[in-house]
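Student: Residue numbers (UniProt numbering): 1 to 341. Built from N, CA and C at the ideal position, the CB exists for glycine as well. Values in this document were obtained by computation on a predicted structure and should not be read as measured data. Below: one structure in structure tokens.
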């Protein structure tokens, strides 16, 4: 379920780009001949002519050559329309709308999803968009999607792969994908670093999301957590999976997910983490308020999911279980839901 060797190529190119950007910052000059210095704000539009303002450095030309080589290699693969949807050439154009990847896959196959991702990334002003051509993006990303099991790809873009994989009729496929000794386990075992994209879904054992009403309870608990006025509730959240906090620490405001040790080893409360929790609660509440009232007690069709990527799968999964070392939303949200239910 990860990008395979194309993913490794992309990772190598990304590393080269990062090194190039660091070197550019060290040697930045007003002379455009010394390198590429384009304001990110100038790349926010969708006009490809904006990219013509860039004066490529030697390293950028090398990166472009590598992308071109990847594109020429992947172009040799043919479309398997029976297993991968109907990708009819490279002229697929999507209207400006919300990013419904499931609808794109159903309407235009893998290529439609790739094009939509390109549009989405440009709308977000992702720096990668200024460094590659769309045709190369399509070549590489299309083949990454083609390397995946077709049913799994459909479930992923549909928003709830976990619910599908817990169904009895799909149990065999799930066991095949997770089996030790399979292709992806071999890849992880043979290489110390393997690019992997993963998702952590907020679902129960049956793959079902909490209902909107239940999520409103979670929002209320999170808002109480950041006020420092509910020590008992905070203690239950921090210690939902092992003992991490004491009442004494909490009375000082040193909550597990709102504090961090400084260079001297002392815990201190971080206002930025409070702001993150508050922003999450507000955003989730807005989403829930948009749902019809008759769905208040129905599990979300598309559960909350944290999407991450890593080069070291086992290390990343281990870190997700260590709240002192990992403050990502999926970690503290798991603690809250476990404390509530």
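How is the alpha helix (DSSP H) around residue 309 delimited, first residue to last?
Tutor: Here residue 309 belongs to no alpha helix (DSSP H); instead the beta strand (DSSP E) covers 305–310.
Student: Does the distance from the CB of residue 156 to the CB of residue 199 come in under 9 Å?
Tutor: yes
Student: Any idea what DSSP makes of residue 237, helix, strand or coil?
Tutor: The answer is helix: DSSP assigns residue 237 an H, G or I state.
Student: Quick one: Cα of residue 343 to Cα of residue 282, how far?
Tutor: The structure shown does not extend to residue 343, since the chain spans only 1 to 341, so no value can be given for it.
Student: How would you label residue 254, buried or exposed, when you count the other beta carbons within 10 angstroms and need 16 or more for buried?
Tutor: buried
Student: Please list the terminal residues of the continuous alpha helix (DSSP H) segment that includes residue 167.
Tutor: Segment: none, residue 167 is in no alpha helix (DSSP H) and carries neither H nor E.
Student: So for residue 226, helix, strand or coil by DSSP?
Tutor: coil
Student: Using 8 Å as the Cβ pair cut-off and three pairs as the minimum, do the stretch 145–156 and the stretch 115–130 touch?
Tutor: Taking 8 Å as the limit for Cβ pairs, the verdict is that the stretch 115–130 does not touch the stretch 145–156.
Student: Would you identify the three-state DSSP class for residue 38, choosing helix, strand or coil?
Tutor: Here the model assigns residue 38 a pLDDT of 29, short of 50, so the residue's position is not dependable, and the following value carries that caveat. In the three-state scheme derived from DSSP, where H, G and I count as helix and E and B as strand, residue 38 is classed as coil.
Student: Could you give the first and the last residue of the continuous beta strand (DSSP E) run that contains residue 199?
Tutor: 196–201
Student: Note down the Cα distance separating residue 331 from residue 231, rounded to an integer number of angstroms.
Tutor: 20 Å
Student: With a Cβ-Cβ cutoff of 9 Å, do residue 152 and residue 226 count as a contact?
Tutor: Note that the C-beta distance between residue 152 and residue 226 is not below 9 Å.
Student: Give the secondary structure of residue 259 by DSSP, where H, G and I count as helix, E and B as strand, and everything else as coil.
Tutor: DSSP, read as helix, strand or coil, puts residue 259 in strand.
Student: With distances taken Cα to Cα, identify the nearest neighbour of residue 289 among 308, 216 and 114.
Tutor: 216
Student: With 16 as the cutoff for other CB atoms within 10 Å, does residue 221 come out buried or exposed?
Tutor: Classification of residue 221: buried, given that the 10 Å Cβ count is 16 or more.
Student: Measure the Cβ-Cβ separation of residue 302 and residue 206 and say whether it is below 9 Å.
Tutor: no
Student: Taking the Cβ atom as the reference point for each residue, do residue 294 and residue 213 lie within a distance shorter than 9 Å?
Tutor: no
Student: On the DSSP bridge assignment, give the partners of residue 269 in chain order.
Tutor: For residue 269, which the question treats as bridged, DSSP gives the partners 259.
Student: What span of residues does the alpha helix (DSSP H) with residue 151 cover, start to end?
Tutor: 150–158
Student: Let's test the definition: count the other Cβ atoms within 10 Å of the Cβ of residue 168 and tell me whether it reaches 16, buried, or not, exposed.
Tutor: exposed
Student: If I'm right that residue 141 touches residue 161 with Cβ under 8 Å, what's the distance once you round it to whole angstroms?
Tutor: Actually they do not touch by this definition, with Cβ atoms about 19 Å apart.
Student: Please report how far the alpha carbon of residue 307 lies from the alpha carbon of residue 252, in whole angstroms.
Tutor: Roughly 33 Å between the two C-alpha positions.
Student: Go to residue 126, then tell me how far its alpha helix (DSSP H) extends in each direction, as first and last residue.
Tutor: That residue, residue 126, is in no alpha helix (DSSP H); it is neither H nor E in DSSP.
Student: Given that a residue counts as buried once 16 or more other Cβ atoms are within 10 Å of its Cβ, and exposed if not, what is residue 237?
Tutor: buried
Student: Does the Cβ of residue 127 have 16 or more other Cβ atoms within 10 Å, making it buried, or fewer, making it exposed?
Tutor: exposed
Student: Looking at the structure shown, is residue 208 part of a helix, part of a strand, or coil, going by DSSP?
Tutor: Three-state result, residue 208: coil.
Student: Please report the residue range of the alpha helix (DSSP H) in which residue 133 lies.
Tutor: Unbroken run through residue 133: none, as it is neither H nor E.
Student: Below 9 Å between beta carbons: does that hold for residue 333 and residue 202?
Tutor: Taking 9 Å as the Cβ cut-off, residue 333 and residue 202 qualify as a contacting pair.
Student: How many angstroms separate the CA atom of residue 260 from the CA atom of residue 104?
Tutor: Going from the Cα of residue 260 to the Cα of residue 104 covers about 42 Å.
Student: Is the beta carbon of residue 228 less than 9 Å from the beta carbon of residue 250?
Tutor: Contact flag set, yes.
Student: Can you tell me whether residue 132 is buried or exposed? The criterion is at least 16 other CB atoms within 10 Å of its CB, across all chains shown.
Tutor: So residue 132 ends up on the buried side.
Student: Start and end of the alpha helix (DSSP H) containing residue 336?
Tutor: 329–340
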